[in-house]
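Here is the structure we will look at, set down as structure tokens.
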Amino acid sequence: MLAAIDARMGEVYWAEYQRDEQGVWHGEESEAVLKPEAVRERLQRLEGEWATVGTGWQAWPDLANGCGLTLVDGDIQLPEAQDMLPLACYLLTAGKTVAVEHAEPVYLRNEVAWKKLPGRE
Numbered sequence: 623m624l625a626a627i628d629a630r631m632g633e634v635y636w637a638e639y640q641r642d643e644q645g646v647w648h649g650e651e652s653e654a655v656l657k658p659e660a661v662r663e664r665l666q667r668l669e670g671e672w673a674t675v676g677t678g679w680q681a682w683p684d685l686a687n688g689c690g691l692t693l694v695d696g697d698i699q700l701p702e703a704q705d706m707l708p709l710a711c712y713l714l715t716a717g718k719t720v721a722v723e724h725a726e727p728v729y730l731r732n733e734v735a736w737k738k739l740p741g742r743e
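In this note's numbering, the protein residues as written are 623 to 743.
The structure is reproduced here in structure tokens:
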């Protein structure tokens, strides 16, 4: 699954996820904020058939032009909390959890980028 969400400021929240034989999704290491050109470079390295999700495909309609992939519209615009439940259940069962006081959100765009916005000095 190729997730592309319009991150504004000329960028895309990007991730590539694949499901293994047990139905577990992998690809967290691919999560990034990228310029559309960098997304096109990543697409050139992929092959096969992928489902697309997210608002980035509409915001950047030529994002996948010439990539040679078979893309299937996953018909999902934005993630919902319930979509994380199967992954959370797997991680809990596998003992891959952290204590609540050590849990931290993952921010793909750091504070420096936000300071570039007008009025955010």
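Heads up, the beta-carbon is just placed ideally off N, CA and C, and yes, glycines get one too.
Fair warning: this is a prediction, and the values are worked out from it, not measured in the lab.
By alpha-carbon positions, which one of the options ends up nearest to residue i?
i: C711; options: L730, P658 and G645; result: G645
i: G670; options: G676, Q640 and E702; result: Q640
i: I627; options: S652, H648, A681 and V720; result: A681
Could you tell me the alpha carbon to alpha carbon distance between residue i and residue j, rounded to whole angstroms?
i: D642; j: G632; result: 33 Å
i: L665; j: C689; result: 6 Å
i: A716; j: M706; result: 15 Å
i: E650; j: R731; result: 15 Å
i: A725; j: L714; result: 14 Å
Pull up the DSSP beta-bridge partners for residue i, would you.
i: I627; result: Y635
i: V655; result: Y635
i: H648; result: Q640
Assuming residue i and residue j are in contact, meaning their beta carbons sit under 8 Å apart, how far apart are those beta carbons, in whole angstroms?
i: L656; j: W636; result: 5 Å
Which runs of the alpha helix (DSSP H) spanning at least 4 residues fall entirely within the region 661-709, listed in chain order?
As far as the region 661-709 is concerned, its whole alpha helix (DSSP H) runs of at least 4 residues are 678-681.
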